C-alpha cells in the first residue's frame, strides 16, 4: 500500500490499545441509523476478506464512507446494506467495500532515505554480484503500491543509478495492491501536478511528460518507466502467484493494518520470496521486533534477509 493510510485503519498493537468508539458514533440523529452491530459485521467481513483489523475508533470513518454508498444504491439503512453484504452473488459489492475502507495516500520519493539506500547500497551490491553475467536478473517489488508513486520512484532510481548498463539486465518491478481502483490508477501512471512535487525537477523533466487529468495540470510517467513496472491486484493474505526471488521488497505502512498473526504470515512469506541477502523496506512506524528472526536490521526500517 506504500502508505495505505496516514489515517490508518488501525495502529500497531505494540503502540497502544485502540480506544473504543465514542458512544455518539452509534445511533443518534443522522441520515442512516448506524449501530455497533453494523460496524461489527462490516469490520468482521473486512478482516475475513483482507486481514485488515478495523479498530472501533474508526466507526465514524466507516459510516462516512459507506453512507455515500447507501445513497448510490438507494438503500434505506445499514440493515439493508448489511443484508446485501451477506447475500449471494455480491462479489462486486464486497470489492467495493474493501476499496472504500482502505485509505490510499502516497507520494513520490516518500521516506527518501529508502530510495537513497536502494541507489547507494542495494544496486551496487547487485552490480558487483552479477558483474560477469551476460544477462543478470533484477527483481524489485512494491507490495501495497497504492496509486503507483512508489514503484515509479523505484523505477526512476533504477534507471538513474544504472544508466546505459541497465540495458543488459533483465530488470522488472512488480507493483501490487488489494485496491483494484488503485491498481488501475497505477497502470495509467498519470498524476495531478500537485501530487508530483516530490519528484526533483530534473528527474521529472527526464522521466515524465506534461498532460491533463480531469482538466487540471498533470504528469504522465514515461514509457521508459512503464516498461519496467508491472501492476497487479494482490491480497497479501491470500495465495501469491509469483515465484521470486526478489532482490528487494518495499512494503511500507501496510503491516499496521494486520493483527500479529497476519503480520507474521506476511513477513514469513516475504522472507521466502527474497533471495538470501535481499532487502525488506518497511514503513516509519513498523518494525520486525518480536515478529521475525529471519532478518537483521540494515538501516532505519531496512532489513536484510539472513
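Residue numbers (our numbering): 9 to 314. Virtual Cβ for every residue (Gly too), placed ideally from N, Cα, C. Just so it is clear, the structure is predicted and the values come from calculations on it, not from any experiment.
Give the DSSP-derived three-state secondary structure of residue 285 in the structure shown. If you number the chain shown from 1, residue 285 lands on position 277. In this structure, residue 285 counts as strand in the three-state DSSP scheme.
Whole-angstrom Cβ separation of residue 75 and residue 104, contact assumed at under 8 angstroms? As a first step, residue 75 must be located in the chain shown, where it is residue number 67. As a first step, residue 104 must be located in the chain shown, where it is residue number 96. Not really, about 14 angstroms apart at Cβ, beyond 8 angstroms.
Buried or exposed (CB count within 10 angstroms, at least 16 for buried), residue 260: Residue 260 sits at position 252 when you count from the first residue of the chain shown. So residue 260 ends up on the buried side.
Can you list, in chain order, the residues of its chain with a C-beta nearer than 6 angstroms to that of residue 237? Leave out the 5 residues immediately preceding and following it. Position 229 of the chain shown holds residue 237. Contacts found: 159, 163, 181, 183.
Sequence-distant residues of the same chain with beta carbon closer than 8 angstroms to residue 122, five excluded per side: Indexing the chain shown from 1 puts residue 122 at position 114. Hits under 8 angstroms: 258, 260, 289, 309, 310.
Relative to the C-alpha of residue 208, which candidate in 195, 165, 256 has its C-alpha closest? For this step, residue 208 is matched to residue 200 along the chain shown. Checking every option, the nearest Cα to that of residue 208 belongs to 165.
Name the DSSP bridge partner or partners of residue 149? What you label residue 149 is simply residue 141 of the chain shown in a count that begins at 1. Looking at the DSSP assignment, residue 149 forms a beta bridge with 182, 257.
Check whether the segment 276–290 and the segment 242–258 touch, using three or more Cβ-Cβ pairs below 8 angstroms as the test. yes
Go through its chain and collect everything with a Cβ distance to residue 16's Cβ below 6 angstroms, but skip five positions before and after it. As a working note, residue 16 is residue 8 in the chain shown. Its pLDDT being 34, under 50, residue 16 is placed unreliably in this model, and the value from its coordinates should be taken loosely. Closer than 6 angstroms at the Cβ level, and outside the excluded window around residue 16, lie 264.
Beta-carbon spacing of residue 194, residue 153 below 8 angstroms: Within the chain shown, the letter at position 186 stands for residue 194. Within the chain shown, the letter at position 145 stands for residue 153. Taking 8 angstroms as the Cβ cut-off, residue 194 and residue 153 qualify as a contacting pair.
Using three-state DSSP, classify residue 21 as helix, strand or coil. The residue given as residue 21 occupies position 13 in the chain shown. A caution first: residue 21 carries a pLDDT of 37, below 50, which makes its placement in the model unreliable, though a value can still be read off. Three-state result, residue 21: coil.
Taking residue 303 as part of the beta strand (DSSP E), name the residues at either end of that continuous run. Position 295 of the chain shown, counted from the first residue, corresponds to residue 303. Residues 303–307.
Short of 8 angstroms in beta carbon distance, which residues of its chain neighbour residue 54, apart from the five on each side in sequence? Order them along the chain. The residue given as residue 54 occupies position 46 in the chain shown. Once the five neighbours on either side are set aside, the close Cβ partners of residue 54 are 60, 62, 105, 106, 109.
Would you report the Cα separation of residue 291 and residue 129, rounded to the nearest angstrom? On the chain shown, position 283 is the one that residue 291 refers to. On the chain shown, position 121 is the one that residue 129 refers to. Their backbone Cα atoms lie some 19 angstroms apart in a straight line.
Those runs of the alpha helix (DSSP H) which lie wholly inside the segment 98–131 and span at least 4 residues: 99–108, 120–125
Cβ contact (3+ pairs, closer than 8 angstroms) linking the segment 239–250 and the segment 265–277: yes
Alpha carbon to alpha carbon, how far is residue 345 from residue 37? Within the shown structure, residues of the chain are numbered from 9 to 314, placing residue 345 beyond reach of any answer.
Whole-angstrom C-beta distance between residue 99 and residue 127, which should lie under 8 angstroms: Locating residue 127 in the chain shown gives position 119, counting from the first residue. Locating residue 99 in the chain shown gives position 91, counting from the first residue. Not a contact, Cβ separation roughly 42 angstroms.
Could you check what DSSP says for residue 250 in three-state terms: helix, strand or coil? Position 242 of the chain shown, counted from the start, is the residue given in the question as residue 250. Correct three-state label for residue 250: coil.
Take the Cβ of residue 233 as the centre, count every other Cβ of all protein chains shown within 10 Å, and call the residue buried at 16 or more, exposed below. As a position in the chain shown, residue 233 is number 225, starting the count at 1. Per the 10 Å Cβ criterion, buried.
Which term fits residue 134, buried or exposed, when burial requires 16 or more other beta carbons within 10 angstroms of its beta carbon? Residue numbering aside, residue 134 sits at position 126 when the chain shown is read from its first letter. When all chains shown are included, residue 134 counts as buried.
Based on the DSSP secondary-structure assignment, which residues constitute the bridge partners of residue 238? The count along the chain shown starts at 1 and reaches residue 238 at position 230. Residue 238 is bridged to 182.
Determine the burial state of residue 96: buried for a count of at least 16 other Cβ atoms within 10 Å of its Cβ, exposed for fewer. Counted from its first residue, the chain shown places residue 96 at position 88. Residue 96 comes out exposed.
Is residue 47 closer than 8 angstroms to residue 70 when the C-beta atoms are compared? Reading the chain shown from its first residue, position 62 is the one you call residue 70. Reading the chain shown from its first residue, position 39 is the one you call residue 47. In contact: residue 70 and residue 47 (Cβ atoms closer than 8 angstroms).
Please name the residue in 201, 173, 250 whose C-alpha comes closest to that of residue 282. Position 274 of the chain shown, counted from the first residue, corresponds to residue 282. When only C-alpha atoms are compared, the closest one is 250.
Which of helix, strand or coil does DSSP assign to residue 96? Taking the first residue of the chain shown as 1, we reach residue 96 at position 88. Coil, per DSSP.
Measure the alpha-carbon distance for residue 306 versus residue 313 and round it to whole angstroms. Translated into the one-based positions of the chain shown, residue 306 becomes position 298. Translated into the one-based positions of the chain shown, residue 313 becomes position 305. Answer to the nearest angstrom: the Cα atoms are 10 angstroms apart.
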